[in-house]
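First residue of the sequence shown: 102, per this note's numbering; consecutive thereafter.
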Amino acid sequence: MKIQNLNDLLVDELQDLYSAEKQIIEALPKMAEKATSPDLKQAFKLHLEQTREQRRRLDQIFEGMPGVDRDKKTCKGMEGIIDEGEKLIKDANPETRDAGMISSAQRVEHYEIAGYGTARTYANLLGRPEWARLLQVTLDEEKDADRKLSTIAERINVEARAA
Ligand code: FE
Ligand code: ZN
Ligand code: FE
């Protein structure tokens with residue numbers, strides 16, 4: 102699609118986020134499986150539930166956009182982040198693997214924070230406060246997930262240093 106106005110940018114941003122969320126829903130169960138720390142395992146499981154809800158929020162927005170194909174895009178950025186994360190921990194020992202997974206998961210959150218912040222702002226500018234509100238709820242969850250990972254990392258990184 103040729104991007105010609107802010108509405109086109111919003112549609113593209115939402116399609117990108119939709120693809121990203123679908124990929125994250127696939128990746129998080131594997132990450133929870135591989136995590137050694139119970140805290141980290143729990144954080145991944147909780148964020149999986151939140152991510153399913155985030156996908157539903159995007160579905161709600163797409164339902165108000167007739168003619169838009171929500172599955173049109175593949176987010177290559179998210180593919181890259183997930184792929185790099187898998188390679189990073191492939192041969193790592195358990196403590197180091199947890200630290201590596203946190204680094205990768207925080208990249209995921211930061212990518213989403215950028216996308217949702219932008220989409221929220223576009224939605225407001227385009228006179229769609231109800232979409233902006235849904236996007237803001239998800240944005241707050243992503244920021245919270247990122248902060249939680251930072252807290253867990255404070256301990257895990259020290260354990261990895263001792264490994
Ligand atoms: Fe998300
Ligand atoms: Zn993307
Ligand atoms: Fe997230």
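Even for Gly, the Cβ is constructed at its ideal location relative to N, Cα and C. This one's a predicted model, so the numbers in the text were calculated from it and none came from an experiment.
Task: Distance between Asp170 and Glu164 (C-alpha atoms, nearest Å) - done: 10 angstroms
Open item on the list: Spatial neighbours of Thr137 within its chain, please: C-beta separation below 6 angstroms, excluding the five flanking residues on both sides.
Closed with: Pro195 and Asp199
Task: Three-pair Cβ contact test at 8 angstroms for the segment 140-160 versus the segment 242-253 - done: yes
Open item on the list: Quick check on Glu185: buried or exposed, where buried means 16 or more other Cβ atoms within 10 Å of its Cβ?
Closed with: exposed
Task: Contact set, ligand 2 heavy atom to C-beta under 5 angstroms - done: Asp117, Cys176 and Gly178
Task: Backbone secondary structure at Thr175 - three-state DSSP - done: coil
Task: Residues with C-beta closer than 6 angstroms to any heavy atom of ligand 1, in chain order - done: Glu122, Ile125, Thr152, Gln155, Glu213 and Glu243
- [ ] Measure the C-alpha to C-alpha separation of Met202 and Tyr217 and round it to an integer number of angstroms.
- [x] 22 angstroms
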